[in-house]
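Mapping the sequence shown onto numbering that gives the first Met the number 0, position 41 (from 1) lands on 40, and the numbers just tick up by one.
Beta carbons are placed, not taken as given, at the ideal position from N, Cα and C, and that holds for glycine.
Structure first, commentary second.
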Amino acid sequence: MRPDWDTYFMDIARAVASRSTCDRATVGAVLVRDKRILTTGFNGSPSGQEHCDDVGHLLVNGHCVRTIHAELNAIIQAALHGISLRGATCYVTHFPCHGCAKALANSGLARLVYGEPYRIDANALDVLTSANVEIAQWEPEPAPVAAGER
Numbered sequence: 000m001r002p003d004w005d006t007y008f009m010d011i012a013r014a015v016a017s018r019s020t021c022d023r024a025t026v027g028a029v030l031v032r033d034k035r036i037l038t039t040g041f042n043g044s045p046s047g048q049e050h051c052d053d054v055g056h057l058l059v060n061g062h063c064v065r066t067i068h069a070e071l072n073a074i075i076q077a078a079l080h081g082i083s084l085r086g087a088t089c090y091v092t093h094f095p096c097h098g099c100a101k102a103l104a105n106s107g108l109a110r111l112v113y114g115e116p117y118r119i120d121a122n123a124l125d126v127l128t129s130a131n132v133e134i135a136q137w138e139p140e141p142a143p144v145a146a147g148e149r
């Protein structure tokens with residue numbers, strides 16, 4: 000059976016997350032409009048700079064500041080390639096932090112689909128809802144039941 004669109008794009012976000020270079024959280028984001036992928040992003044260091052996986056984490060107040068978050072990397076890719084995100088959907092493996100929520104809201108995002116409710120921040124939630132971004136937590140489709148297991 001073919002997956003629904005949310006499952007399809009969340010599966011891609013999870014594959015994108017496998018490229019993350021900060022093992023504190025492997026996060027992937029896929030920005031989509033009209034069932035077409037616009038950009039992707041994973042959490043990792045800026046281009047050409049050392050990665051946490053290679054040199055360790057740069058922690059400030061318990062947060063790794065060496066990396067750029069997946070959602071922001073996806074937005075940056077859109078900016079680099081002149082792609083408008085107005086009306087897009089962001090599929091992301093983990094609920095966005097406050098900073099990423101602000102960037103997503105400002106990009107014209109219409110919908111956010113997230114996997115893990117990792118540290119849902121009330122301020123991030125407020126930013127997204129105030130910007131009229133539809134928010135949905137992705138629920139995996141139930142596995143098909145084999146004929147002999149019914």
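Using only CA atoms, which one of the options lies nearest to residue i?
i           : options           : result
residue 81  : 38, 25, 128, 18   : 38
residue 95  : 24, 48, 4         : 24
residue 89  : 20, 49, 34, 57    : 34
residue 5   : 21, 17, 20, 32    : 32
residue 115 : 131, 91, 107, 128 : 91
residue 40  : 48, 14, 108, 63   : 14
residue 52  : 18, 113, 107, 112 : 18
Quick one: measure Cβ to Cβ for residue i and residue j, integer angstroms, because I've assumed they're closer than 8 Å.
i           : j           : result
residue 97  : residue 122 : 5 Å
residue 67  : residue 42  : 7 Å
residue 140 : residue 3   : 7 Å
residue 87  : residue 30  : 5 Å
When burial is assigned at 16 or more other CB atoms within 10 Å of the CB, is residue i buried or exposed?
i           : result
residue 26  : buried
residue 1   : exposed
residue 103 : buried
residue 131 : exposed
residue 105 : exposed
residue 65  : buried
residue 72  : buried
For the beta strand (DSSP E) holding residue i, just list the boundary residues, first then last.
i          : result
residue 91 : 88-93
Starting from residue i, trace the alpha helix (DSSP H) in both directions and tell me its first and last residue.
i           : result
residue 108 : It is not in any alpha helix (DSSP H) - residue 108 carries neither H nor E in the DSSP assignment.
residue 6   : 4-16
residue 140 : Counting along the chain, residue 140 falls outside any alpha helix (DSSP H), and DSSP gives it neither H nor E.
Taking the runs of the alpha helix (DSSP H) that are 4 residues or longer, which of them lie wholly in the segment 32-67? DSSP runs (the alpha helix (DSSP H)) wholly in the segment 32-67: 51-54.
Ignoring anything shorter than 4 residues, give me the alpha helix (DSSP H) runs that lie fully in the segment 111-138, in order along the chain. Counting whole runs of 4 or more residues, the segment 111-138 contains the alpha helix (DSSP H) stretches 121-129.
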